[in-house]
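Trainee: Please find one structure pasted underneath; my questions will follow.
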Amino acid sequence: MNEQPEPMGTNEEPSSARTNLETLQWLMDHIEGQVAFGDTKAGLLFTADSILLASLLAVSTSEQFGLESLSRPAVVLAGISCAALVGALFLALWTILPSRANLVRPDVAGRGLTNFPSIANSSAEAYIAKVMGATTVSFSDDAARSIHGKAGWARRKFRLLYGAITLTMLAVALGSFAAIFELLRS
1265 MNEQPEPMGT NEEPSSARTN LETLQWLMDH IEGQVAFGDT KAGLLFTADS ILLASLLAVS
1325 TSEQFGLESL SRPAVVLAGI SCAALVGALF LALWTILPSR ANLVRPDVAG RGLTNFPSIA
1385 NSSAEAYIAK VMGATTVSFS DDAARSIHGK AGWARRKFRL LYGAITLTML AVALGSFAAI
1445 FELLRS
């Protein structure tokens, strides 16, 4: 009853293992897609925030609409709006920052079959031998660990993105309030 798992390199895998591997592959693709989605949104937000910040600073330093011509409440609102945009830019950049885990040595990060630093530091022949000698179960376990880590990374990205979007909305609202206040004042 104590059977050894078959190596992955054989042609005859149980259909349940194949289904398990296909499910893991689908899940990894899904999470990778979500990570890429978050990076794209953060990049677009970074661009929009840069334009908003540049516009706010250009208007604030112009001779016609400079800070001297604004009321004290409008200057305060514009200043807070500017600070919120800088915070949103920082969070957007932090969101798209690559994982430091990809930079660590494989002996620190682990030597799994799907561990990026471990794969990169192996010769092609050594990695192929390692993968072909692995059992379906060990490969599935390693893939599941990678998926779990990638899911945590995706959650981190979306939390940062949520904060960046919130700061952008705050900046737009405060900037709008400052403009409305000045329009009503004049």
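Numbering (this note's numbering), first residue to last: 1265 to 1450. Beta carbons are placed, not taken as given, at the ideal position from N, Cα and C, and that holds for glycine.
1) Going along the chain, which unbroken runs of the alpha helix (DSSP H) with 4 or more residues stay wholly within the segment 1358 to 1429?
2) With burial defined as no fewer than 16 other Cβ atoms inside 10 Å of the residue's Cβ, what is the status of I1295: buried or exposed?
3) Going by other Cβ atoms of all chains shown within 10 Å of its Cβ, with 16 needed for buried, is T1311 buried or exposed?
4) Keeping to the same chain, check which residues put their C-beta closer than 8 Å to that of G1439; ignore five residues upstream and five downstream.
5) Rounded to a whole number of angstroms, what is the C-alpha to C-alpha distance between N1275 and L1349?
6) Are the segment 1423 to 1430 and the segment 1397 to 1415 touching by the rule of at least three beta carbon pairs closer than 8 Å?
7) Is the beta carbon of S1410 closer than 8 Å to that of T1430?
8) Apart from the five residues just before and just after L1291, which ones in its own chain have a Cβ nearer than 8 Å to its Cβ?
Mentor: Taking the coordinates as given:
1) 1370 to 1373, 1380 to 1385 and 1388 to 1397
2) The residue given as residue 1295 occupies position 31 in the sequence shown. Classification for I1295: buried.
3) The count along the sequence shown starts at 1 and reaches residue 1311 at position 47. Exposed is the call here.
4) Within the sequence shown, the letter at position 175 stands for residue 1439. These residues qualify, in order along the chain: L1316, L1320, L1341, A1342 and S1345.
5) On the sequence shown, residue 1275 is found 11 positions in, with the first residue counted as 1. On the sequence shown, residue 1349 is found 85 positions in, with the first residue counted as 1. At N1275 the pLDDT is 48, less than 50, meaning the model places this residue with poor confidence and gives no usable figure here.
6) no
7) For the purposes of this step, residue 1430 is taken as residue 166 along the sequence shown, with counting starting at 1. For the purposes of this step, residue 1410 is taken as residue 146 along the sequence shown, with counting starting at 1. Contact: no.
8) Here residue 1291 corresponds to residue number 27 of the sequence shown, with the count starting at 1. Within the same chain, L1291 has close Cβ partners I1411.
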